Structures are given as structure tokens and as C-alpha cells.
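Trainee: Just dropping this structure here.
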Amino acid sequence: MRSISSFKMRSLIALVLGVLAAASWGLAVHRISQGASPTSVDSLLLSSNRSGLAICVDSKTAAISDDDLRRDIQDAMMQLKAHPHFVSAGLAVAEPRIDISCPGPARMLDPNFDLETGMIPGQSDVVTDPSQYRVFVFLVEKEVVAKANGYREYPQETWCPQGGDACGEVTTALYLTPEDLTLPARLERLLTLAVGLDPDPSTPNPFK
């Protein structure tokens, strides 16, 4: 079972990655202009082959349709766009897009899903070309999330620069429940965390 301490560690890692992304902004732009790999970290988009913030949604429950899920995520996105760090984090280079159907599995639904690693034994989340989606949103029953001690985020895609071992998460899987959709403040917070921003708007901006 994933512990609270591991959650805190993951949050700390996310914060460090955010600071590093901000610090490398100018260097990444230079690398891209010199024809470097299209998967350079230059913003919270986490991959330079993305033209803007795109999120895919996939309902795995019978009670709520993909259209309804997309509508709720669109409403939450309107609030997220007002975050004071949204622009400086590189998330506003184009109008955010919410699409139906994610091009990858909802691994948490697999009975062999490893709650610690976020993976299924024998499978890999390493990709050579990250998808266009920064976040995969999966709607699942609350019992599914309960198995993970309420933990909502797992790596969906990981990229390893130049085939090395220093791999990093480039796409996040966010698991929501039907109850989350009825609580706008909670939904906004979960989406904010999934794209890599701090839900507390008073936090110093690491992207300046």
C-alpha cells in the first residue's frame, strides 16, 4: 500500500522538477532551435513536441459518459487557467484542449497493477515519442482508487533522454471518481496537481 511518506516524497520531487524546468527554460529553447531531441523539458508540458496543453479523458464507469466527463474537465480547466503561474509555466502557449479517448491503458484497473510502481509486471511506460497529451484522465469507481489508499496520480508515460537511465515522467495518469466530479474545488485541485502546478496560488512562482 502506498504510504503518506511516499506521497510527500513524490510531491517534493514534483516541486524540484518544476524548479528545474523553470531554470532550464532558456537552455531548452536553445537546444530545440539547434535541432535537439523533440522531448526536451522546457515547461510543464514536459515535452517540446507538444504545441499546447492537451488532456484526454476516458470514462471507465457506466454511469457517466465521456461527454459528461469532458464537460466537467473543461469547467475545471477554466479555473485552472486563472492560476497565477499558468502562463509562466508554459501552459498557455495555445488554448488548452480536452479530447475524448486516451491512447493508453488505465493501468489501475488491471488486477496485477503495482500500487508502488504504478506499473503492470512485464509492461513498460517508457516511450520514445511522448503522446500529445500531458494528462490522461480516467474516471473509475471509488473502490478502484481506494485500493491505492486514495492516491490519484501515476506515471503514464516516461521518457529516457538519449536512451539513458535518467528517465522522467512526461505524461501523468489522473484517476478520478464520480464523486470528484460533484466537488468543483476538489476537481480543480486534482487537475492542478496533475499538470504540475501547486494548488496554493500564494506559493512563490518557480518559473520566473
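So the sequence shown is numbered by the working numbering: it starts at 10 and just counts up by one. Quick reminder that beta carbons are idealized off the backbone N, C-alpha and C, glycines included. Quantities reported herein were computed from a predicted structural model and do not represent experimental measurements.
What are the start and end residues of the alpha helix (DSSP H) that includes residue 201?
Mentor: Your numbering for residue 201 matches position 192 in the sequence shown. From DSSP, the alpha helix (DSSP H) with residue 201 extends over 193-203.
Trainee: Since residue 75 and residue 109 should fall inside the 8 Å C-beta cutoff, what is the C-beta to C-beta distance between them, to a whole number of angstroms?
Mentor: Here residue 75 refers to the residue found at position 66 of the sequence shown. Here residue 109 refers to the residue found at position 100 of the sequence shown. Indeed, because the Cβ distance is near 4 Å, the residues count as touching under 8 Å.
Trainee: What span of residues does the alpha helix (DSSP H) with residue 80 cover, start to end?
Mentor: Walking along the sequence shown from the start, residue 80 turns up at place 71. Its alpha helix (DSSP H) spans residues 75-89.
Trainee: Below 7 Å CB to CB, which residues in the same chain sit around residue 55 once its five sequence neighbours on both sides are set aside?
Mentor: As a working mapping, residue 55 is identified with position 46 in the sequence shown. Correct list, in chain order: 143, 179.
Trainee: Between 101, 164, 141, which lies nearest to residue 135 when the distance is taken from Cα to Cα?
Mentor: Stepping through the sequence shown from its first residue, residue 135 is reached at position 126. Comparing Cα positions, the closest option is 164.
Trainee: Which first and last residues belong to the beta strand (DSSP E) in which residue 53 is found?
Mentor: Here the question's residue 53 lines up with position 44 in the sequence shown. Taken as a continuous stretch (DSSP letters only), residue 53 belongs to no beta strand (DSSP E), as it is neither H nor E.
Trainee: Restricting to runs no shorter than 3 residues, where is the beta strand (DSSP E) found entirely within the stretch 84-130?
Mentor: Listed in chain order, the complete beta strand (DSSP E) runs (minimum 3 residues) inside the stretch 84-130 are 106-109.
Trainee: Going by DSSP in three states, residue 189 sits in which element: helix, strand or coil?
Mentor: The residue given as residue 189 occupies position 180 in the sequence shown. DSSP places residue 189 in helix when its eight states are reduced to three.
Trainee: Per the contact definition of three or more C-beta pairs closer than 8 Å, is the stretch 143-159 in contact with the stretch 184-201?
Mentor: They touch, by the three-pair rule.
Trainee: For residue 101 and residue 58, what's the separation of their Cα atoms in angstroms?
Mentor: Stepping through the sequence shown from its first residue, residue 101 is reached at position 92. Stepping through the sequence shown from its first residue, residue 58 is reached at position 49. Straight-line Cα distance between these residues: approximately 15 Å.
Trainee: Under the rule that 16 or more other beta-carbon atoms within 10 Å means buried, what is residue 218, buried or exposed?
Mentor: Absent from the structure is residue 218, since the part of the chain shown begins at 10 and ends at 217.
Trainee: Per DSSP, what kind of secondary structure is residue 213 in: helix, strand or coil?
Mentor: Counted from its first residue, the sequence shown places residue 213 at position 204. Reduced to three states, the DSSP call for residue 213 is coil.
Trainee: Ends of the alpha helix (DSSP H) at residue 152?
Mentor: Here residue 152 refers to the residue found at position 143 of the sequence shown. Here the alpha helix (DSSP H) through residue 152 covers 151-156.
Trainee: Taking its Cβ as the centre, do 16 or more other Cβ atoms sit within 10 Å of residue 87, making it buried, or is it exposed?
Mentor: As a position in the sequence shown, residue 87 is number 78, starting the count at 1. Exposed is the call here.
Trainee: Would residue 5 be called buried (16 or more neighbouring beta carbons within 10 Å of its own) or exposed?
Mentor: Any question about residue 5 goes unanswered here, given that the chain covers just 10 to 217.
Trainee: Per DSSP, what kind of secondary structure is residue 139 in: helix, strand or coil?
Mentor: On the sequence shown, position 130 is the one that residue 139 refers to. Here residue 139 sits in coil by DSSP.
Trainee: What are the boundary residues of the beta strand (DSSP E) that residue 167 is part of?
Mentor: The sequence position of residue 167 within the sequence shown is 158, counting from 1. Here the beta strand (DSSP E) through residue 167 covers 162-168.
Trainee: Can you give the Cα-Cα distance for residue 198 and residue 208, rounded to whole angstroms?
Mentor: Position 189 of the sequence shown, counting from 1, holds the residue named residue 198. Position 199 of the sequence shown, counting from 1, holds the residue named residue 208. The straight-line gap from Cα to Cα measures roughly 6 Å.
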